[in-house]
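Residue numbers (full-length UniProt numbering), protein chains in the order written: chain H, 1 to 236; chain F, 1 to 236. From the three backbone atoms N, C-alpha and C, an ideal C-beta is built for every residue, glycine too.
Number of protein chains: 2
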Amino acid sequence: MAILESFIDKLGSVESFDRLNDVIVGLRDVLETEHVIYHWVNSTGEHCAALTYSEEWTTRYLTQDYARLDPVVQACLRQFNPVDWKRLDWSGRSVRAFVDEAVDAGVGNQGYSIPIRGPSGQFALFTVSSRDDDAAWSRFTEARARELILISHFINQKALELERGSDTLKVVSLSPRETDALTLLALGHSRAQAAESLSISEHTLRVYIEGARMKLAAMNTTHAVARALNQGLLIV
Amino acid sequence: MAILESFIDKLGSVESFDRLNDVIVGLRDVLETEHVIYHWVNSTGEHCAALTYSEEWTTRYLTQDYARLDPVVQACLRQFNPVDWKRLDWSGRSVRAFVDEAVDAGVGNQGYSIPIRGPSGQFALFTVSSRDDDAAWSRFTEARARELILISHFINQKALELERGSDTLKVVSLSPRETDALTLLALGHSRAQAAESLSISEHTLRVYIEGARMKLAAMNTTHAVARALNQGLLIV
DNA sequence: TTCCCCCTCGCTATATCTGGGGAGTTGAAA
DNA sequence: TTTCAACTCCCCAGATATAGCGAGGGGGAA
Numbered sequence: 001m002a003i004l005e006s007f008i009d010k011l012g013s014v015e016s017f018d019r020l021n022d023v024i025v026g027l028r029d030v031l032e033t034e035h036v037i038y039h040w041v042n043s044t045g046e047h048c049a050a051l052t053y054s055e056e057w058t059t060r061y062l063t064q065d066y067a068r069l070d071p072v073v074q075a076c077l078r079q080f081n082p083v084d085w086k087r088l089d090w091s092g093r094s095v096r097a098f099v100d101e102a103v104d105a106g107v108g109n110q111g112y113s114i115p116i117r118g119p120s121g122q123f124a125l126f127t128v129s130s131r132d133d134d135a136a137w138s139r140f141t142e143a144r145a146r147e148l149i150l151i152s153h154f155i156n157q158k159a160l161e162l163e164r165g166s167d168t169l170k171v172v173s174l175s176p177r178e179t180d181a182l183t184l185l186a187l188g189h190s191r192a193q194a195a196e197s198l199s200i201s202e203h204t205l206r207v208y209i210e211g212a213r214m215k216l217a218a219m220n221t222t223h224a225v226a227r228a229l230n231q232g233l234l235i236v
Numbered sequence: 001m002a003i004l005e006s007f008i009d010k011l012g013s014v015e016s017f018d019r020l021n022d023v024i025v026g027l028r029d030v031l032e033t034e035h036v037i038y039h040w041v042n043s044t045g046e047h048c049a050a051l052t053y054s055e056e057w058t059t060r061y062l063t064q065d066y067a068r069l070d071p072v073v074q075a076c077l078r079q080f081n082p083v084d085w086k087r088l089d090w091s092g093r094s095v096r097a098f099v100d101e102a103v104d105a106g107v108g109n110q111g112y113s114i115p116i117r118g119p120s121g122q123f124a125l126f127t128v129s130s131r132d133d134d135a136a137w138s139r140f141t142e143a144r145a146r147e148l149i150l151i152s153h154f155i156n157q158k159a160l161e162l163e164r165g166s167d168t169l170k171v172v173s174l175s176p177r178e179t180d181a182l183t184l185l186a187l188g189h190s191r192a193q194a195a196e197s198l199s200i201s202e203h204t205l206r207v208y209i210e211g212a213r214m215k216l217a218a219m220n221t222t223h224a225v226a227r228a229l230n231q232g233l234l235i236v
């Protein structure tokens with residue numbers, strides 16, 4: 001666990017994403033892998049990342065919106081445990097084109113990606129990639145899996161810290177009834193049904209929905225429900 | 001890390017929540033703490049739990065819907081990193097009444113809770129509680145923090161597996177245009193605005209929304225967006 | 001080649017939601 | 001004690017979404 005210790009130690013003094021990048025590069029070196037990537041999109045749409053990919057590939061990936069077809073991202077979005085790239089489905093025309101580009105850009109052929117989820121619907125990805133053959137890669141992932149989980153945890157913690165330092169995350173809190181109302185709407189009830197479920201008049205329900213809309217700065221009901229879900233305000 | 005190893009080993013053979021409970025009891029014993037609790041509410045509203053609390057307290061907690069005012073739950077809902085109970089705000093009339101009851105029920109005065117988030121908005125809690133004094137408890141948490149994170153990770157993985165056979169979600173796949181449509185709606189666009197953003201007629205947009213509604217078995221647009229978000233189909 | 005899914009467009013009516021008013025009670029915090 | 005937030009109820013008009021009927025072209029898979 002020496003790697004983990006020194007990593008956490010270095011993390012302690014990090015105070016900006018630039019510095020975080022240095023630590024990531026250092027991590028890549030001690031792990032003796034090709035690339036290490038930490039990335040997430042914050043609530044304001046900014047990309048917060050620390051990675052060892054070339055700048056060309058990074059901008060290419062973003063401008064082409066490759067996250068939409070990248071099997072790694074798609075798998076991590078619906079999985080809890082880490083993903084070994086070689087267990088994914090890489091068939092499909094557009095996917096193969098993407099992979100060819102990725103290989104040319106120096107992304108390794110092997111990879112191990114850990115999905116990380118935080119409050120307010122945060123979703124981050126921590127990836128280690130390499131050019132090892134299958135056997136060497138299996139040894140690496142088996143030996144390092146637990147360390148990598150902890151590393152991903154601590155780096156995300158640091159990233160959230162950096163994020164909140166820059167701008168204070170305002171916490172929207174919904175009243176119990178507002179939560180009830182949005183929850184029922186998210187479950188597919190119409191306003192009339194929701195009002196009946198809560199044993200209140202439809203008008204009252206409307207007051208809650210509008211209250212929630214205001215608090216969440218939402219344009220309409222659907223938007224309010226979406227924001228509430230993304231911020232983890234609803235237990236659905 | 002001997003505790004972790006044996007824990008993971010025992011987890012391997014677990015095939016039901018009852019068995020999981022046995023493992024949790026074993027974990028409580030080797031950690032030499034008062035209680036160990038793992039709990040989450042699945043998508044069908046069932047409580048999936050493995051814990052060492054008395055049955056009285058558990059049912060009391062659920063029937064009273066204490067999660068709504070429990071500072072531990074509230075803090076974990078908006079935090080990424082683990083929560084030490086003693087750093088929380090326990091003031092407030094109803095909270096103190098709740099605490100008195102909890103102490104009577106044998107819940108320790110110390111506690112360490114780890115929030116766990118999975119796909120589809122899953123939110124679980126892993127808690128270790130004790131009756132140690134502050135000094136002993138600090139030593140415990142500092143020494144065990146990393147192990148506990150990994151334990152919480154693996155137990156959640158197992159719970160997801162028990163819940164649905166594997167920890168991967170079966171997916172409804174939306175067409176690209178359907179995804180676009182729902183994404184814009186989730187961002188607060190009206191149908192007219194969304195249609196304009198996509199440079200298509202409002203009618204066409206409507207076809208996509210209805211297509212998505214059918215695939216997702218949703219009652220209305222809000223429901224469809226909520227389901228799509230919960231299933232990680234939208235990148236918002 | 002045929003089938004099926006995806007993308008695109010139109011019309012009409014009805015249901016539902018949104019936005020503008022206003023008003024009274026309760027309970028907890030300052 | 002006062003204040004404030006939450007909860008409850010009412011009416012109305014205009015905006016928006018839903019539900020039903022259509023149509024045709026393109027591309028991949030069997």
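Apply the 10 Å Cβ neighbour rule to residue i and answer buried if 16 or more other Cβ atoms are within range, or exposed otherwise.
| i | result |
| --- | --- |
| H/T168 | For H/T168, the pLDDT reaches just 43, beneath the cut-off of 50, and the residue's location in the model is therefore unreliable, although a value from the coordinates is still provided. Looking at its Cβ environment, which holds fewer than 16 other Cβ atoms inside 10 Å, H/T168 is exposed. |
| H/W90 | exposed |
| F/H47 | exposed |
| F/D9 | exposed |
| H/A135 | exposed |
| H/V30 | exposed |
| F/E56 | exposed |
| H/S130 | buried |
| H/H203 | exposed |
| H/S166 | Residue placement at H/S166 is flagged as unreliable, the pLDDT there being 46, under the threshold of 50; a coordinate-derived value is accordingly withheld. |
| H/P115 | buried |
| F/R218 | A small correction: the amino acid at residue 218 of chain F is Ala; Arg does not occupy that position in the sequence shown. F/A218 should be labelled buried. |
| F/I70 | This sequence places Asp at residue 70 of chain F; Ile is not what is there. With 16 or more Cβ atoms within 10 Å of its Cβ, F/D70 is classed as buried. |
| H/P176 | exposed |
| H/E142 | exposed |
| H/G118 | buried |
| H/G92 | exposed |
| H/V14 | buried |
| H/R227 | buried |
| H/S113 | buried |
| H/G188 | buried |
| F/S199 | exposed |
Since residue i contacts residue j with CB under 8 Å, what's their CB separation in whole angstroms?
| i | j | result |
| --- | --- | --- |
| H/A194 | H/A181 | 6 Å |
| F/A2 | F/N21 | Actually they do not touch by this definition, with Cβ atoms about 22 Å apart. |
| H/L150 | H/L4 | 6 Å |
| F/T221 | F/L185 | 6 Å |
| residue 269 of chain H | F/I37 | One cannot answer for residue 269 of chain H here, as it falls past the ends of chain H, which runs 1 to 236. |
Pick out whichever of the options has its Cα sitting closest to the Cα of residue i.
| i | options | result |
| --- | --- | --- |
| H/Q64 | H/A75, H/P82, H/Y38, H/A97 | H/A97 |
| H/G111 | H/A2, H/T183, H/V99, H/T204 | H/V99 |
| F/N230 | H/I155, H/L77, H/L198 | H/L77 |
| F/H35 | F/L205, F/G188, F/R117, F/T58 | F/T58 |
| H/D18 | H/A159, H/E196, H/V73 | H/A159 |
| H/R144 | H/I200, H/A192, H/L185, H/E32 | H/E32 |
| H/R191 | H/S175, H/E210, H/S173 | H/E210 |
| H/E178 | H/S16, H/Q79, H/R206 | H/R206 |
| H/V128 | H/Y53, H/R227, H/S6, H/E161 | H/Y53 |
| H/D132 | H/I24, H/N109, H/D84 | H/N109 |
| F/F126 | F/A102, F/E15, F/F154 | F/F154 |
| residue 248 of chain F | F/L88, F/N156, F/R60 | What is shown of chain F runs 1 to 236, which leaves residue 248 of chain F out entirely. |
| H/Q122 | H/H39, H/G26, H/N220 | H/H39 |
| H/R164 | F/S16, F/R87, F/Q79 | F/Q79 |
| F/S138 | F/A102, F/K86, F/S94, F/A186 | F/K86 |
| F/H223 | H/T183, H/Y208, H/E196, H/S201 | H/T183 |
| H/A124 | H/G45, H/L234, H/G26 | H/G45 |
| H/N42 | H/L27, H/Y208, H/S120, H/V25 | H/S120 |
| H/R28 | H/L233, H/S201, H/F7 | H/F7 |
Helix, strand or coil for residue i, going by three-state DSSP, please let me know.
| i | result |
| --- | --- |
| F/A195 | helix |
| H/V203 | The residue you asked about is not Val; residue 203 of chain H is His in the sequence shown. Correct three-state label for H/H203: helix. |
| H/I3 | helix |
| F/R117 | strand |
| F/Y38 | strand |
| H/L174 | coil |
| F/A217 | coil |
| H/L187 | coil |
| H/L234 | coil |
| H/S166 | Below a pLDDT of 50, predicted positions are generally treated as unreliable, and H/S166, at 46, falls in that range; the measurement from the model is reported next regardless. Correct three-state label for H/S166: helix. |
Checklist entry - At which residue ranges does the stretch 55-131 of chain H contain complete alpha helix (DSSP H) runs of 4 or more residues, listed in the order of the chain? => result 55-63, 71-77, 93-104
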